[in-house]
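Undergrad: Those sequence lines, one after another, are chains A and B. Counting in the working numbering, the first sequence runs from 5 upward without gaps. Counting in the working numbering, the second sequence runs from -3 upward without gaps. I'd like to ask some things about the structure below.
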Amino acid sequence: MPDYDKPLPELNQFTKSYWEAAKRHQLAIAKCSACGRLNHPPKPVCRFCQSDKLAPQVVSGKGTIYSYTVTHYPYHPGFVKNGPYPVVLVELEEDPRVRIVSNLVDYKPEQLKVGEPVEVVFDDVTPEVTLPKFRPRAAAAARGER
Amino acid sequence: MPHHGRKVAIVGVGYSHVGRNTGLTVLQNAFRASMDAITDAGLKPSDIDGVTQYGFSFESVTCWEVADALGIKDLAWYNDINGWGPAGITGLIDACAAVASGSAEVCLAYRSVSLTGGHSAGRKPPTHIPGDNQFTVPYGFISATQWVAMYMRRHMAVYGTKEEHFGAVAVAQREYASLNPRALMRQKITMQDYLSARYITEPMRLLDCDLPVDGAGAVIVTTAERAKALKQRPVYVDAWSFGAGHPYDWFQWPDLTTNGSIVASKYLWKRSQFKPGDVDTAQVYDGFTMLTLNWLEALGLCPMGEGGRFVADGNTKLGGKLPTNTNGGMLNIGRVHGISHVIEAVEQLRGTCGPRQTPNAKVAVATNGGGPMAGAAVLYRE
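So, in structure tokens, the structure goes:
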């Protein structure tokens, strides 16, 4: 998709595994091998026990909308033609203290609400980059996907 | 527990010209505001031995440049503070700490901002995003308006706060602005005007946002002892605090109905001789209307979660229980990034605010910050 004009992540040694997992269509959060806590965004040390032994842990991708906003003003030219778009803050099922910023896709207006159960889907936006996004779990259930 | 060290006072305050697209640089404005504050105090630049400022790395002017322009022969203390500081009050807090500890005798603190140096102004849109922002910006989650909108929505979900409650902040502050010749936005607005304003990022509307400007504000801090001989009625700084907390991240912060204001408030009241009930006027940060509600709650000026209803009930208006953001706030005088809250607290305590004056104001709070970072001070007169 050479015409993709939205900003993309610039990977570094600590974030690489997150984006590589996304490319494989997995959501992998940095987990501390010492205390077991999930850390996001990934960092050189565990913010809870200060260990530097962190490794990507594949999680279910299930979560709940903690908060959201619908953005009307495009702050980047890549979003101008979107029209208003939803950004969600998703707390993960494995540890609700950990939240992911993403977009909600494939949803009905009434599903954009605090407390809505969601699950990850993967958007291969370029040949190199896949963005984890979220959709209501009810959307998949309605289609008989689970 | 009071601060150790010398009793300190704010003895001068000043502004540069504040306006939209003035063409004036951050140095010109910092210089003007500093000269205005020095003159207000009845001092000369040569009396200054400390300079301190907070600024974003892309939008500030260093202590050196300002001291050089002012012709200050030498400096005993200077501090350029960048990073996640709580806006313009950062310089004031640093100046108080410097004077109280004996590191400086007369300290200038300023905040200078410019439209052209702002977060996104005039820059080529980035294509690849480093750091923590790589987890947010690719989703079109780019601006502080969006960050704070997440906090608004959460506050609404947990406490039943309504869009009209944010609107009540905007309407009340515009009423003050109509009485303040320094405000840029002076025409009164109604709730209908607020609700008709376009969404920037729901639930945040245009009228929830401060007004970007070119401009600067400055204050002069010295000892209470020295203040006696100066031109203005001294305004003492009773207590000051920073506040931030773990996780140090806007979106991993444990509870988005609160922010760093709860940490700064905790330390502030521990250190102050005053209590929340003693506050006559509150000058609390209003980069966005939500942040004003956060501060009223965190400071204990209203119950937690009740900020919206407290404002909607008229408590913050002129003649209300707690006149708040009495200059109109940054929503209306322009985003000089929080130093204006300190200046208005000083002017209220001097009793020089004319038609917007809080009668017999003796104790004020001035605060800045949103997200995990915060700074606050209690000011009083004798």
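All residues carry an ideal CB built from backbone N, CA and C; glycine is no exception. All values derive from a computational prediction rather than experimental measurement.
Let's test the definition: count the other Cβ atoms within 10 Å of the Cβ of B:Gln183 and tell me whether it reaches 16, buried, or not, exposed.
TA: Numbered from 1 along the second sequence, position 187 holds the residue referred to as residue 183 of chain B. When all chains shown are included, B:Gln183 counts as exposed.
Undergrad: To which residues of the same chain is B:Glu340 closer than 7 Å at the C-beta, ignoring the five residues directly before and after it?
TA: Counting from 1 along the second sequence, the entry for residue 340 of chain B is found at position 344. Counting only Cβ-Cβ distances below 7 Å, and skipping sequence neighbours, we find Gln279, Thr322 and Asn323.
Undergrad: What residue range is occupied by the uninterrupted beta strand (DSSP E) comprising B:Glu198?
TA: Against the second sequence, residue 198 of chain B aligns to sequence position 202. Run containing B:Glu198: Tyr195 to Glu198, per the beta strand (DSSP E) assignment.
Undergrad: Which residues, in chain order, does the segment 37 to 69 of chain A contribute to contact with chain B at a C-beta distance below 8 Å?
TA: His44, Pro45 and Arg51
Undergrad: Cutting at 6 Å between CB atoms, please list the residues of its own chain near B:Pro82, excluding the five before and the five after it.
TA: Reading the second sequence from its first residue, position 86 is the one you call residue 82 of chain B. Asn364, Gly365, Met369, Ala370 and Gly371, listed in sequence order.
Undergrad: Mapping the DSSP letters down to three states, classify A:Val133 as helix, strand or coil.
TA: Looking up residue 133 of chain A in the first sequence gives position 129. A:Val133: coil per DSSP, three-state reduction.
Undergrad: Give me, in chain order, the residues of the same chain whose beta-carbon lies closer than 6 Å to that of B:Leu20; leave out the 5 immediate sequence neighbours on both sides.
TA: Taking the first residue of the second sequence as position 1, residue 20 of chain B is located at position 24. Asp210.
Undergrad: DSSP on B:Val374, reduced to helix/strand/coil?
TA: Within the second sequence, residue 374 of chain B is the residue found at index 378, counting from 1. Note: B:Val374 maps to strand in three-state DSSP.
Undergrad: How big is the Cα-Cα spacing for A:Tyr3 and B:Tyr244?
TA: In the structure as shown, chain A begins at 5 and stops at 150. Residue 3 of chain A is therefore absent and cannot be evaluated.
Undergrad: Using 8 Å as the limit for Cβ to Cβ distance, is A:Thr130 near chain B?
TA: Translated into positions along the first sequence, residue 130 of chain A becomes position 126. Output row for A:Thr130: interface = no.
Undergrad: What residues in its chain sit with their C-beta under 6 Å from that of B:Gly10, if we drop five residues either side in the sequence?
TA: For the purposes of this step, residue 10 of chain B is taken as the residue at position 14 of the second sequence. Closer than 6 Å at the Cβ level, and outside the excluded window around B:Gly10, lie Ala29, Asp32, Ala33, Asp36 and Ala214.
Undergrad: Taking the DSSP output, what are the residues bridged to A:Gly67?
TA: To locate residue 67 of chain A, count along the first sequence from 1; it is residue 63. In DSSP, A:Gly67 forms a bridge with A:Leu96 and A:Val122.
Undergrad: List, in order along the chain, the chain A residues whose C-beta lies closer than 7 Å to that of B:Asp128?
TA: Here residue 128 of chain B is taken as the residue at index 132 of the second sequence, counted from 1. Those are Pro45, listed as they occur along chain A.
Undergrad: Just how far apart, CA to CA, sit B:Trp60 and B:Asn328?
TA: Reading the second sequence from its first residue, position 64 is the one you call residue 60 of chain B. Reading the second sequence from its first residue, position 332 is the one you call residue 328 of chain B. Taking the straight line from one Cα to the other gives about 31 Å.
Undergrad: Could you tell me whether the Cβ atoms of B:Thr277 and B:Thr354 are closer together than 8 Å?
TA: In the second sequence, the residue the question calls residue 277 of chain B occupies position 281. In the second sequence, the residue the question calls residue 354 of chain B occupies position 358. Yes. Within cutoff.
Undergrad: Could you tell me which uninterrupted alpha helix (DSSP H) segments, each at least 4 residues in length, are contained entirely in the segment 54 to 130 of chain B, listed from first to last along the chain?
TA: 59 to 66 and 85 to 97
Undergrad: Indicate whether the contact test is met: 3 or more Cβ pairs, each with one atom in the segment 292 to 303 of chain B and one in the segment 169 to 181 of chain B, closer than 8 Å.
TA: Contact between the segment 292 to 303 of chain B and the segment 169 to 181 of chain B is absent, because fewer than three Cβ pairs lie under 8 Å.
Undergrad: Could you please tell me which residues of the segment 186 to 206 of chain B, in chain order, have their CB closer than 8 Å to any CB of chain A?
TA: Arg194, Tyr195, Ile196, Thr197, Glu198, Pro199 and Met200
Undergrad: Would you kindly work out how many angstroms separate the C-alpha atoms of B:His13 and B:Gly334, rounded to a whole number?
TA: As a first step, residue 13 of chain B is located in the second sequence; it is residue number 17 there, counting from the start. As a first step, residue 334 of chain B is located in the second sequence; it is residue number 338 there, counting from the start. Approximately 16 Å between the Cα atoms of the pair.
Undergrad: What do you reckon, are the CB atoms on A:Ser55 and A:Ser37 nearer than 8 Å?
TA: Counting from one through the first sequence, the residue named residue 55 of chain A turns up at place 51. Counting from one through the first sequence, the residue named residue 37 of chain A turns up at place 33. Cβ atoms of A:Ser55 and A:Ser37: closer than 8 Å.
Undergrad: When you compare the CB positions of B:Arg377 and B:Val231, do they come within less than 8 Å of one another, or not?
TA: The residue labelled residue 377 of chain B in the question sits at position 381 within the second sequence. The residue labelled residue 231 of chain B in the question sits at position 235 within the second sequence. Taking a C-beta distance under 8 Å as the contact criterion, B:Arg377 and B:Val231 qualify as a contact pair.
Undergrad: Taking all protein chains shown into account, do 16 or more other C-beta atoms lie within 10 angstroms of the C-beta of B:His242, making it buried, or fewer, making it exposed?
TA: Locating residue 242 of chain B in the second sequence gives position 246, where the first residue counts as 1. The residue in question, B:His242, is exposed, as its Cβ has fewer than 16 Cβ neighbours within 10 Å.
Undergrad: Quick one, which residues of the segment 123 to 148 of chain B are near chain A if we go by CB-CB under 7 Å, in chain order?
TA: Thr123, His124, Ile125, Pro126, Asp128, Gln130, Phe131, Thr132, Val133, Pro134, Tyr135, Gly136, Phe137, Ile138, Ser139, Gln142, Ala145 and Met146
Undergrad: So which of B:Asn290, B:Gln49 and B:Arg170 has the shortest CA-CA distance to B:Lys313?
TA: Indexing the second sequence from 1 puts residue 313 of chain B at position 317. It is B:Arg170.
Undergrad: Apply the 10 Å Cβ neighbour rule to A:His80 and answer buried if 16 or more other Cβ atoms are within range, or exposed otherwise.
TA: If you number the first sequence from 1, residue 80 of chain A lands on position 76. A:His80 is buried by the Cβ-count criterion.
Undergrad: Tell me the residue span of the beta strand (DSSP E) that contains B:Tyr11.
TA: Here residue 11 of chain B refers to the residue found at position 15 when the second sequence is read from its first residue. Taken as a continuous stretch (DSSP letters only), the beta strand (DSSP E) holding B:Tyr11 covers Val4 to Tyr11.
Undergrad: For A:Lys35, report the span of its beta strand (DSSP E) as first-last.
TA: As a position in the first sequence, residue 35 of chain A is number 31, starting the count at 1. From DSSP, the beta strand (DSSP E) with A:Lys35 extends over Leu31 to Cys36.
Undergrad: Just tell me which of B:Ala91, B:Pro126 and B:Ser53 has its CA closest to the CA of B:Gly46.
TA: As a first step, residue 46 of chain B must be located in the second sequence, where it is residue number 50. Ranking the options by Cα distance to B:Gly46, first place goes to B:Ala91.
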